[in-house]
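A.B. asks:
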């Protein structure tokens, strides 16, 4: 059934159920992924997923429900569940639906050429990527994962207050994960890249070589004596740590007492080198969008300026509680979720020098390129972390030997106060991105 | 869910280009979640997942397609477009679907919809009150109740046609303890494969008090020390050690491609002779149990390790083709959005002979890990990590001050070989395991164990 027909039917019947206001959030994602192994396609996946979430106002409470079954037989299920949910909600939020506004920014996120990318091209590229990886170094024994995918994502939000917004975006990416071995030691390397505009811009040879270089460079790794060392976190591991900080910037977490930054607005919470922005209108950012999950227009927000906390991320509900304006950060992980708060494109402002220069100017330290166990090893509330890490020992400005079987521990808030320097290697890769950062001593546990 | 005629049409369309096996997976699942923060019901959401997946194999090449548009016209189109991924000639294959009797080995007394939302909200309120009243240091609570009923239909060209109903429910208890700018959390999440009788019989107050006690203990704890120590891991969710250090490496997903440190090691000693381990999807009403796996094969009890010797792997259909070994009822997937692969169900280390108090009193100096967070592993190298949320120092055979924030890291096989005491108190914990085929409910379990030496990362 056509989504707009379904929505009309839903709203009409919803009135009979007693809903005074109603909204649907619809999304669809169409993607194709090909994986290759040993010069053959081993996996080919075609995905078409769509679903609709409903929220309806009943006696001043918003009840939520959703369905992937968009047919007449779901109408009563959706309305009945939303009604029952509205009846048990106790939060006094005065949550209400957003009216339409005239002006939204613009991000050009849809590329016809990507949406129509032929599967043959994807297969050829994946095969090429595997070949390059296997030829790049004798020590690469296996390409564990090698795939290319493309997807088209659409969202529409329609409500009884006149809101009707729609967006469409596309992307393609290439992923490679290799294993190298020497003697009885094995090491893995991973790299991926994406494009939002033109598949020809994806350099699969570069992706393959980067993953191989990483795997090979880790061979011969040893643990280190426990102690405290200066640390450079490469961009990807720095991003992991930044994510823990960003969850404390969520107005929702602050309101629920799950943020250490509660009551810290306009206070200095990080070193003066730290500037953090949310920029949902940035061209080329994967998370770029002109409206949030409530249909509220997005805009650039300065969250932290020279270490001073200037703003939390808000949706309309949390903003109201803080007497602030929504920052356009209503998020909905998918149609299955209720409205929450989340980043679109939060980034840590980069510095001037390259990460190589940061290494060269370090007498000693550890360059960390992998962190594991982050879902449990970082306490996002307290900011304490203790994580499995791997990387390289730095001696007199050189990366001397690979290191594994160590843990690095500290506190994310302390760390943000102790940043010595930020590198210039910021490349926006997701909803949260950091450049490489160099910090004062942290505790390492090893031998 | 779908007529047998339509399923046969889809399977035939899927085989048009030379596939040697095709499968249809239909899922209709209703979910409901209630979330209470600080005693106030903040979120209530319910919904219905509905989708259909088609899988076509040729040897170990797999094409998978799925859709939520279940009109006949679209389903045939999806099956055909998936078939385009296979470029061969149609083989002779006679389709003969044999509908199996419902296999239901798990008792479900009260269905998830058999209790109103208001009563479910009261469960959360009881949890909140018990945690909040435990101690003034408890500043926040976050309690969630969720349930789901998943109906699946699995049909394939081997002749299988199975329908199954998976009913699950879970409560998540979380308490936050604060003092000054310090904040720590304690959590537990008991869950069941079965009906609501399990939640009704659950001692909600004692679970709530336990997470409050844990949060308070961690709040007052010191950071763990760094270095190598004997480590005692408590029973139940401590089994996440085995899940990470070894379980993932025994899944055909990586074993078949020689991408596991356990590949080619059947019959060899890979663990201390004190260790026997199983993956058993048949245990009555356990969170990770299933009647049939997601390829339609009955769940079974699989011996993984017997007295230290590697006895078996967890194998799905593709793994079975690659390895030349029979599947073990281990194919699992989060939903129709994932092609199935070999995964764990209820994985545990069997009980040993030692009394828990003897394990502690026999340890002169070390770390006792009471509660674990989660962890992860790189099956290719065997390197794993997991975090200790609540721990204690052991001195002269006695539990001393609490510690927090420790990461335990190591190499799977090395750790299994260093297990030198195994308790007699096997118990289980629940979790969600994320891997190639999505997030699936799993149970981990073990008795109390001692590892003679492990790297503890504290500060």
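Residue numbers (this note's numbering), protein chains in the order written: chain S, 583 to 1029; chain R, 170 to 628.
All residues carry an ideal CB built from backbone N, CA and C; glycine is no exception.
Here the structure is a predicted model, which means the values were calculated and not measured.
Quick one: which chain S residues come within Cβ less than 8 Å of residue 312/R?
C.D. replies: The contacting residues do not exist; residue 312/R stays about 13 Å from chain S at best.
A.B. asks: Please state whether the Cβ-Cβ distance between residue 754/S and residue 618/S is less than 7 Å.
C.D. replies: Going by C-beta atoms, residue 754/S is not nearer than 7 Å to residue 618/S.
A.B. asks: From the beta carbon of residue 330/R, is the nearest beta carbon of chain S less than 7 Å away?
C.D. replies: Output row for residue 330/R: interface = no.
A.B. asks: For the region 619–643 of chain S, which residues have a beta carbon sitting closer than 8 Å to at least one beta carbon of chain R?
C.D. replies: Residues passing the 8 Å Cβ filter: 619, 622, 623, 624, 625, 626, 627, 628, 629, 630, 631, 632, 633, 635.
A.B. asks: Determine, using beta carbons only, whether residue 290/R and residue 210/R come nearer to each other than 7 Å.
C.D. replies: Yes, these two residues count as a Cβ contact at 7 Å.
A.B. asks: Here's a check: name, in chain order, each residue in its chain whose Cβ is nearer than 7 Å to the Cβ of residue 781/S, leaving out the five neighbours to either side.
C.D. replies: Correct list, in chain order: 696, 699, 703, 754.
A.B. asks: Please state the DSSP three-state secondary structure of residue 591/S.
C.D. replies: Helix at residue 591/S.
A.B. asks: Spell out the partners DSSP gives residue 352/R in its beta bridges.
C.D. replies: Answer is 347/R.
A.B. asks: Taking only three categories from DSSP, how would you classify residue 851/S?
C.D. replies: Three-state DSSP puts residue 851/S in coil, outside helix and strand.
A.B. asks: So which of 515/R, 486/R, 227/R, 553/R has the shortest CA-CA distance to residue 458/R?
C.D. replies: Comparing Cα positions, the closest option is 515/R.
A.B. asks: Between the beta-carbon of residue 488/R and the beta-carbon of residue 466/R, is there less than 7 Å?
C.D. replies: Cβ atoms of residue 488/R and residue 466/R: not closer than 7 Å.
A.B. asks: Just tell me which of 612/S, 868/S, 731/S has its CA closest to the CA of residue 757/S.
C.D. replies: Answer by Cα proximity: 731/S.
A.B. asks: Residues of chain S with a CB under 7 Å from the CB of residue 597/R: which are they?
C.D. replies: The premise fails here: residue 597/R is roughly 19 Å from chain S at the closest Cβ pair, so nothing lies under 7 Å.
A.B. asks: I'd like to know if residue 180/R contacts chain S, where contact means its C-beta is closer than 7 Å to some C-beta of that chain.
C.D. replies: Answer no: the Cβ-Cβ gap between residue 180/R and chain S never drops below 7 Å.
A.B. asks: Might you give, ordered along the chain, the residues of its own chain that have their beta carbon closer than 8 Å to the beta carbon of residue 652/S, omitting 5 neighbours on each side?
C.D. replies: These residues qualify, in order along the chain: 583, 585, 588, 632, 633, 634.
A.B. asks: Should residue 841/S go down as buried or exposed, given a rule of 16 or more other Cβ atoms within 10 Å for buried?
C.D. replies: Residue 841/S should be labelled buried.
A.B. asks: Taking the alpha carbon of residue 959/S as the point to measure from, which residue in 539/R, 557/R, 431/R, 551/R has its own alpha carbon closest?
C.D. replies: The candidate whose alpha carbon is nearest that of residue 959/S is 557/R.
A.B. asks: If the cut is a Cβ gap below 7 Å, which residues of chain R does residue 966/S touch?
C.D. replies: Chain R residues near residue 966/S: 574.
A.B. asks: Could you work out which residues of chain S lie near residue 421/R, taking near to mean beta carbons separated by less than 8 Å?
C.D. replies: None at all; the shortest Cβ gap to chain S is about 14 Å.
A.B. asks: Measure from the C-beta of residue 918/S to each C-beta in chain R and report whether the shortest distance is under 7 Å.
C.D. replies: It does; some Cβ of chain R falls within 7 Å.
A.B. asks: Quick one, which residues of the region 329–355 of chain R are near chain S if we go by CB-CB under 9 Å, in chain order?
C.D. replies: Taking 9 Å as the Cβ-Cβ cut-off against chain S, the residues of the region 329–355 of chain R that qualify are 345, 347, 350, 351, 352, 353, 354.
A.B. asks: Using the rule of at least 16 other Cβ atoms within 10 Å of the residue's Cβ for burial, across every protein chain shown, is residue 835/S buried or exposed?
C.D. replies: Looking at its Cβ environment, which holds 16 or more other Cβ atoms inside 10 Å, residue 835/S is buried.
A.B. asks: Residue 715/S CB to nearest chain R CB: under 7 Å?
C.D. replies: It does not: the Cβ of residue 715/S has no partner Cβ on chain R nearer than 7 Å.
A.B. asks: Taking only runs that begin and end inside the region 170–240 of chain R, name each unbroken alpha helix (DSSP H) of 4 or more residues, in chain order.
C.D. replies: Here the runs fully enclosed are 173–183.
A.B. asks: I want to see whether chain R comes within less than 7 Å of residue 1027/S, judged by CB atoms only; does it?
C.D. replies: Yes, residue 1027/S counts as interfacial toward chain R.
A.B. asks: Helix, strand or coil for residue 694/S per DSSP?
C.D. replies: Helix.
A.B. asks: Distance cutoff 7 Å, beta carbons only. Does residue 206/R sit that close to anything in chain S?
C.D. replies: Cβ-Cβ to chain S under 7 Å: yes for residue 206/R.
A.B. asks: Runs of 3 residues minimum, wholly inside the region 498–586 of chain R: which ones carry the beta strand (DSSP E) assignment?
C.D. replies: As far as the region 498–586 of chain R is concerned, its whole beta strand (DSSP E) runs of at least 3 residues are 515–518, 534–547, 552–564, 567–573, 575–580.
A.B. asks: Excluding the 5 residues preceding and the 5 following residue 1019/S in the sequence, name in chain order all residues of the same chain whose CB lies nearer than 6 Å to its CB.
C.D. replies: The residues are 815, 820, 1001, 1004.
A.B. asks: Between residue 487/R and chain S, is any beta-carbon pair separated by less than 7 Å?
C.D. replies: Cβ-Cβ to chain S under 7 Å: no for residue 487/R.
A.B. asks: Any beta-carbon of chain R closer than 7 Å to the one on residue 726/S?
C.D. replies: So, interface residue.
A.B. asks: Alpha carbon to alpha carbon, how far is residue 858/S from residue 609/S?
C.D. replies: Cα to Cα, residue 858/S sits roughly 30 Å from residue 609/S.
A.B. asks: Among residues of its own chain, excluding the 5 on either side of residue 681/S, which ones have a beta-carbon nearer than 8 Å to its beta-carbon?
C.D. replies: Correct list, in chain order: 743, 744, 745.
A.B. asks: Find the residues of chain R that neighbour residue 710/S, judging by a C-beta separation of less than 8 Å, and give them in chain order.
C.D. replies: Chain R residues near residue 710/S: none, gap ~19 Å exceeds 8 Å.
A.B. asks: Which class does residue 1025/S belong to by DSSP, given the choice of helix, strand or coil?
C.D. replies: Of the three classes helix, strand and coil, the one that applies to residue 1025/S here is strand, per DSSP.
A.B. asks: Hey, which unbroken runs of the alpha helix (DSSP H) at 4 residues or more fall wholly within the region 954–985 of chain S?
C.D. replies: Complete alpha helix (DSSP H) runs here, min 4: 956–959.
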